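As structure tokens, the structure follows; a few thoughts come after it.
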Amino acid sequence: MTDRSHVRQVVHEVITEILPSVRAEDIGGRQHLKDLGADSVDRVEIILGVRERLGVTEPLASFSDLPDLDHLVAFLTEVTA
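With the first letter of the sequence shown counted as 1, position 4 gets the number 8 in our numbering; the numbers rise by one all the way through.
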């Protein structure tokens, strides 16, 4: 089982690797990846990186309607439980 804080940490790590100009402390839960400056390619790379690190096999389409990072973390926590 993966807890929410671990999932959040992984999401923040991947975001800061793909978007090096974004500092982890500047990432908020109510933000969307677009708000952090991620273009469509960046967003796909971030989701792929998070899926890989957490061992998630959910299709990419499952992530398209998540409104913000809080929802992304909640979704990932649920599918890794």
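Glycine residues also receive a C-beta, built at the ideal position from the N, C-alpha and C atoms.
Remember, it's a predicted structure, so these values are computed and weren't measured experimentally.
Leu64 classed as buried or exposed, judged by whether at least 16 other C-beta atoms fall within 10 angstroms
The residue given as residue 64 occupies position 60 in the sequence shown. By the 10 Å Cβ count, Leu64 comes out exposed.
Return the CA-CA distance between Arg8 and Asp39, expressed in angstroms with no decimal places.
Here residue 8 is taken as the residue at index 4 of the sequence shown, counted from 1. Here residue 39 is taken as the residue at index 35 of the sequence shown, counted from 1. Taking the straight line from one Cα to the other gives about 22 Å.
Based on Cα-Cα distance, which residue from Asp72, Val26, Ser68 and Gly33 lies nearest to Val48?
As a first step, residue 48 is located in the sequence shown; it is residue number 44 there, counting from the start. Selected option, being the one with the closest Cα: Ser68.
Straight-line gap, Ile50 to Ala42 (C-alpha atoms, nearest Å):
Counting from one through the sequence shown, the residue named residue 50 turns up at place 46. Counting from one through the sequence shown, the residue named residue 42 turns up at place 38. Roughly 9 Å between the two C-alpha positions.
Go through its chain and collect everything with a Cβ distance to Pro71's Cβ below 8 Å, but skip five positions before and after it.
What you label residue 71 is simply residue 67 of the sequence shown in a count that begins at 1. Here the set comprises His36.
Am I right that Val26 and Thr20 are in contact with their C-beta atoms under 8 Å? What's the rounded C-beta distance?
Working through the sequence shown from its first residue, we reach residue 26 at position 22. Working through the sequence shown from its first residue, we reach residue 20 at position 16. Indeed they touch by this definition, with Cβ atoms about 6 Å apart.
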